[in-house]
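Residue numbering for the sequence shown follows our numbering, starting at 163 and increasing by one per position. Note that beta-carbon positions come from the ideal geometry of N, C-alpha and C, so glycine has one too. Being a predicted model, the structure only gives us computed values, none of them experimental. What follows is a set of notes on a single structure, which appears directly below.
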Amino acid sequence: MSHFYRPVIDLYFAVLTPLLGGSPVLFHAASIALHVGVVLVVFALASRIGGNRVFGFVTALLFAVQPSAIDAVAWVGALAETIGALFGCLSLLWFLRWRDSGEPRFRMLSVIVFVLALLTHESSVVFFPVLVLADWLIVGRREFIRPFVPYAIPLALYLALDLWINSRNYVVSQGYYTFGFHIVTNALNYIVGLYVGRRDLLNYAVIVVGLLLLVVRGNARVRFATCWMLLALAPFVSFNWGNTSRYLYQPAIGFSLLLAEAVIALDRRVVSGFSRTSRAAILSIVVAAIAGRFAIFANNNVRDFATRTQVYPEYLARFRQAHGELPSHSVVAADPEFAARHPHQFVNAAVQWEYRNPTIQITPYKEGGSRK
163 MSHFYRPVID LYFAVLTPLL GGSPVLFHAA SIALHVGVVL VVFALASRIG GNRVFGFVTA
223 LLFAVQPSAI DAVAWVGALA ETIGALFGCL SLLWFLRWRD SGEPRFRMLS VIVFVLALLT
283 HESSVVFFPV LVLADWLIVG RREFIRPFVP YAIPLALYLA LDLWINSRNY VVSQGYYTFG
343 FHIVTNALNY IVGLYVGRRD LLNYAVIVVG LLLLVVRGNA RVRFATCWML LALAPFVSFN
403 WGNTSRYLYQ PAIGFSLLLA EAVIALDRRV VSGFSRTSRA AILSIVVAAI AGRFAIFANN
463 NVRDFATRTQ VYPEYLARFR QAHGELPSHS VVAADPEFAA RHPHQFVNAA VQWEYRNPTI
523 QITPYKEGGS RK
């Protein structure tokens, strides 16, 4: 084994590829359905965290139209982000329900989907500290060991296996995942991406000061949401190839919780003197403005994604015209001009998908573009 260990994703494609006939349209529809499912779970989770459905609705709405993580939904190959978030959020939701009700079935369900999250994407390991923080800050308990043993045991087994596999992965072996100052700049740029700001010193300074204030002066929900956002970013900031938008999918949940908290704070501290109708109107306008701004950027990002990826179906059409039907285990050279601009692993995967045959290989080459 030399690639990522994501058996849930392998199972997803093994089941849906014949079921959907390999249709890109149907796979995109499935990805959108997954995103809708995550939004609904986020609504339930945020309603529990915030104590009411208004808080849950605002959080879920702003997460649904979050523009920074469009690739996680638009790119079928990035669905590990959405499925991992779905299982992880379900684990957190059922953990909180177990704490509220004491019913063992919720704890059992929470542990099961936590394991499924681990088997979906490596970044799901952050849900373990998120569970601990939720117990401390949302539930208000301070038990360090006993409640988390059922999660810690599969986590330890998973880490032992996953670290062994990933030590042979090209990301590690070829030096794309390293320590350095780029960790700081990547983290700052990711947070800028969440609110669609500018990458400059002023924004960086505001982020640093803002994070300190949120952690030190914020209430329990604010500290929880801030820590969740930062923990969700942690697995990705060490990549030295720059930022990749799909990695913002889970951090966007914590960020959306913070935005919902800001709306609630506005209601309590600024417009509390208005009539109930006026308060509702003002808050609706504020939420609609934020959601509308996000939706505009999200629409632009979808268009940009479609433009960037259109080169692949065009290339595959030319490839099939040039080579016709290929027998299994064929080894074919890629178009030199196209290969110079696109990673070998993407071109190879695209050709295999086009022919529905994983034994067909494109001759390895050194691309001119960067790996993402």
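Give a yes or no on whether the C-beta atoms belonging to GLN249 and THR282 are separated by under 8 Å.
-> First, the residue type needs correcting, since residue 249 is Phe and not Gln in the sequence shown. The answer is yes: Cβ separation under 8 Å.
Specify, as a first and last residue, the run of the alpha helix (DSSP H) that ARG259 falls within.
-> In the DSSP assignment, ARG259 falls within the unbroken alpha helix (DSSP H) covering 241–263.
Beta carbon of TYR167 nearer than 8 Å to that of ILE327 = In contact: TYR167 and ILE327 (Cβ atoms closer than 8 Å).
Secondary structure of ILE307, DSSP reduced to three states | If DSSP states are grouped into helix, strand and coil, ILE307 belongs with coil.
Between the CA atoms of ALA512 and PRO186 - distance to the nearest angstrom | Their backbone Cα atoms lie some 12 Å apart in a straight line.
Rounded separation between LYS534 and THR469 - CA only = With a pLDDT of 40 at LYS534, under the threshold of 50, the modelled position of that residue is not reliable, and the figure given next carries that caveat. LYS534 and THR469: Cα-Cα distance of roughly 17 Å.
If we count the other Cβ atoms within 10 Å of its Cβ and call it buried at 16 or more, is MET270 buried or exposed?
-> Classification of MET270: exposed, given that the 10 Å Cβ count is below 16.
Cutoff 7 Å; reference ILE517; Cβ partners in own chain excluding five residues on either side = The sequence shown places Tyr at residue 517, rather than the Ile named in the question. Contacts found: LEU488.
Using only alpha-carbon positions, find the residue among LEU317, ASN381, LEU410 that is nearest to ILE353.
-> Nearest C-alpha to ILE353 among LEU317, ASN381, LEU410: LEU410.
C-beta atoms of LEU445 and ASP466 nearer than 8 Å = Their beta carbons are not under 8 Å apart, which means LEU445 does not touch ASP466 by this criterion.
Three-state class that DSSP yields for TYR527 in the structure shown = Looking at TYR527 - three-state DSSP - the assignment turns out to be coil, as it is neither helix nor strand.
Under a three-way DSSP split, which group does VAL170 fall into?
-> In this structure, VAL170 counts as helix in the three-state DSSP scheme.
First and last residue of the alpha helix (DSSP H) that includes PRO413?
-> Per DSSP, PRO413 is one residue of the alpha helix (DSSP H) stretching across 413–431.
Go ahead and pull the three-state DSSP assignment for TYR320.
-> Of the three classes helix, strand and coil, the one that applies to TYR320 here is helix, per DSSP.
Proximity to ASN402 [Cα-Cα], best of LEU363, SER490, ASN214, HIS344 = Checked all of LEU363, SER490, ASN214, HIS344; the closest Cα to ASN402 is HIS344.
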